[in-house]
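Student:
Residue numbers (the numbering used here): 8 to 301.
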């Protein structure tokens with residue numbers, strides 16, 4: 008009789024939904040129910056408000072609609088784009104409470120765990136991997152459900168050229184081999200998507216939410232490798248305009264950008280080497296100005 012029971016949450020069964028409730032006490036029940044819960048989490052994302060990200064040559068744009076559950080709600084209190092650290096931000100589609108838990112986790116890693124050891128904020132990929140690990144563990148742990156949210160995480164990584172990379176010698180100049188090895192690949196703007204399953208992907212441009220397919224089709228027609236940040240903001244607004252209902256204004260749209268250091272937001276002066284944050288949220292007035300220029 009013992010072989011009819013299993014407490015494994017990681018055993019895959021191809022029998023899927025139709026046997027889920029008829030075999031609650033069989034050896035595949037836990038795996039099947041876990042798969043169903045993961046599908047519910049993905050459905051929560053697919054029914055969520057559309058959000059998108061576009062990578063430019065000199066930055067990244069995150070954009071989404073700010074939609075409250077009641078016209079009486081204070082729109083200024085609705086935030087869908089969050090600052091994780093001075094160089095990284097995120098937007099989501101799906102369940103807001105789940106998103107806030109993950110953002111708190113990411114901030115903790117950025118400002119305490121990683122920074123305490125290395126005295127710098129984590130690269131975007133390291134932060135994304137940590138968030139993805141937390142989301143993946145929720146799909147195979149007893150007593151918890153998968154996170155019903157997908158996130159777009161954008162950041163700017165500071166880096167250097169790989170060691171050993173040398174300038175080409177001029178004609179007639181004697182060359183010598185370098186003994187340097189290793190090095191860190193140069194940084195720049197990074198855009199990732201993290202799903203409820205714990206999967207994460209780098210993107211040039213993408214969208215999540217209920218109109219994701221339509222938005223991606225629009226982005227495929229408009230995207231170019233040579234996009235500048237200003238052009239990416241305009242494309243983001245045009246994509247939202249094509250996929251949302253209702254009026255677009257500075258209060259109904261939220262935009263975050265990764266760009267040049269915003270030294271005016273630094274808050275200190277005269278500190279050598281200090282630079283402002285690269286990630287910031289546009290003000291309603293700035294969004295209105297961009298909408299006027301469409």
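Virtual Cβ for every residue (Gly too), placed ideally from N, Cα, C. On a predicted model such as this, the values are computed, not experimentally measured, just so you know.
Could you give the DSSP three-state label for residue 151: helix, strand or coil?
Tutor: Correct three-state label for residue 151: coil.
Student: Cutting at 6 Å between CB atoms, please list the residues of its own chain near residue 289, excluding the five before and the five after it.
Tutor: So the list reads 262, once near-sequence residues are dropped.
Student: Contact defined as beta carbons within less than 8 Å: I believe residue 131 pairs with residue 95. What is the distance between those atoms, to the nearest angstrom?
Tutor: Going by Cβ atoms, the distance from residue 131 to residue 95 rounds to 6 Å, so yes, they are a contact pair.
Student: With distance defined between alpha-carbon atoms, name the residue in 245, 273 and 71 nearest to residue 300.
Tutor: Residue 300 has its Cα closest to that of 245, out of 245, 273 and 71.
Student: By how many angstroms is the C-alpha of residue 264 removed from the C-alpha of residue 65?
Tutor: Roughly 10 Å between the two C-alpha positions.
Student: Cβ of residue 243 within 8 Å of Cβ of residue 90?
Tutor: No.
Student: Alpha carbon to alpha carbon, how far is residue 138 from residue 108?
Tutor: Taking the straight line joining both Cα atoms gives about 10 Å.
Student: Let me confirm a value: residue 190 is counted as buried when at least 16 other C-beta atoms fall within 10 Å, else exposed. Which label applies?
Tutor: Annotation note: pLDDT 43 at residue 190 (below 50); position unreliable, no value reported.
Student: Can you name, in chain order, every residue of its own chain whose Cβ lies under 6 Å from the Cβ of residue 239, other than the five neighbours on each side?
Tutor: Once the five neighbours on either side are set aside, the close Cβ partners of residue 239 are 61, 63 and 68.
Student: Counting pairs of Cβ atoms below 8 Å between the region 212-227 and the region 48-58, do you hit three or more?
Tutor: Output reads yes: the region 48-58 touches the region 212-227.
Student: Put residue 143 into one of helix, strand or coil per three-state DSSP.
Tutor: In the structure shown, residue 143 sits in a helix (DSSP, three-state: H, G or I).
Student: Would you decide whether residue 110 is buried or exposed? Buried here means 16 or more other CB atoms lie within 10 Å of its CB.
Tutor: Buried.
Student: My understanding is that residue 41 touches residue 147, with C-beta atoms under 8 Å, so please give their C-beta distance in whole angstroms.
Tutor: With a Cβ gap of about 7 Å, residue 41 and residue 147 count as contacting.
Student: Helix, strand or coil: which one does DSSP assign to residue 92?
Tutor: Note: residue 92 maps to strand in three-state DSSP.
Student: Which term fits residue 72, buried or exposed, when burial requires 16 or more other beta carbons within 10 angstroms of its beta carbon?
Tutor: Buried, since its Cβ has 16 or more Cβ neighbours within 10 Å.
Student: Along the beta strand (DSSP E) that carries residue 261, what are the first and last residues, could you check?
Tutor: Taken as a continuous stretch (DSSP letters only), the beta strand (DSSP E) holding residue 261 covers 260-265.
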